[in-house]
Structure formats: structure tokens, C-alpha cells
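Asks: Take the sequence shown: its position 85, counting from 1, is numbered 84 in numbering that gives the first Met the number 0, and each next residue is one higher.
For each residue, glycine too, the CB sits at the ideal point set by N, CA and C.
The structure's right below; bear with me while I get my questions together.
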Amino acid sequence: MIYLMAFVRKKVKTFKWPVEVQEPSDTKPGKFEKSEFTAIFKRVKMSELEGVTESEGASLLKKVLVGWEGIKDEDGDEIKFSEAELNDFADDVDWLKAVLAAYTKTYGEAQAGN
0 MIYLMAFVRK KVKTFKWPVE VQEPSDTKPG KFEKSEFTAI FKRVKMSELE
50 GVTESEGASL LKKVLVGWEG IKDEDGDEIK FSEAELNDFA DDVDWLKAVL
100 AAYTKTYGEA QAGN
């Protein structure tokens, strides 16, 4: 269901969206383990998205991801968003694919009227 409200044009537009990451299990051969966190995305202009290919995922990620909630290290401590942490995570193919899929899904669902 879509809720209608007055359109407010904001100078900086961000939104939170759940991201589900599937990674091959360390302990169960042939199985995946799922985890979730909340991404904070920046809405960007269409001109910034046009022409970006899947192979340029890391550069797109750096344009649209401006924060996160619910990412922890192995000791259970929160990992704060930073450029250095983002660069480290961008090298993780499972994580990168999940974040980009979540971002593009937001627009697919909006167009479908979900």
C-alpha cells in the first residue's frame, strides 16, 4: 500500500532500506547463510545513474550509500560507517551485490506500486 502525503522537496534526500546478504555457509556445504542490516541511501539524480554498468558497482555504491545500521564485527561491536569501512566492504562480492540489489529494488517496487 502506498500512502499519499504532500510532496516536500528536500535538498538532501536519504532513505533507509533493509539489505539481506546471502553468503555461502562456513559450516553447511552447499547452503547459504542470511543476515540483514539497514542501509541509508542517498537519492541521486538519474543522470548520475545512467550508464553505470554492473562492473562499476563499487563506484555506484560510493554515490548512493551514506550510512548503515546493524552491522557488527565478530565481537558483536557496531561497525560505524566510514569511507574506509565502505571501501573494505565494497571488496566483499556478496555484500556488494546485496546492497546494490536493495538499492535498485526500491525503484522497482515503487514503479510496481508496492
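Looking at C-beta atoms only, is the number of pairs between the stretch 60-72 and the stretch 82-100 that lie closer than 8 angstroms three or more?
Replies: As far as the Cβ criterion goes, the stretch 60-72 touches the stretch 82-100, which means the pair count is three or higher.
Asks: Near F36, which residues of its chain fall below 6 angstroms by C-beta distance, leaving aside the five closest residues on each side in sequence?
Replies: Result list for F36: V18, W67, G69, I70, in chain order.
Asks: Just the Cα atoms here: how many angstroms apart are F14 and T105?
Replies: Their Cα atoms are separated by approximately 10 angstroms.
Asks: For S24, which of helix, strand or coil comes out of DSSP?
Replies: S24 falls in the coil class under three-state DSSP.
Asks: Let me make sure I understand the geometry here. Which of S34, R8, K12, K61 has the alpha-carbon closest to that of D93?
Replies: For the residues S34, R8, K12, K61, the minimum Cα distance to D93 belongs to S34.
Asks: Pick from K27, A5, R42: whose alpha carbon is nearest that of Y102?
Replies: Among K27, A5, R42, the Cα nearest to that of Y102 is on R42.
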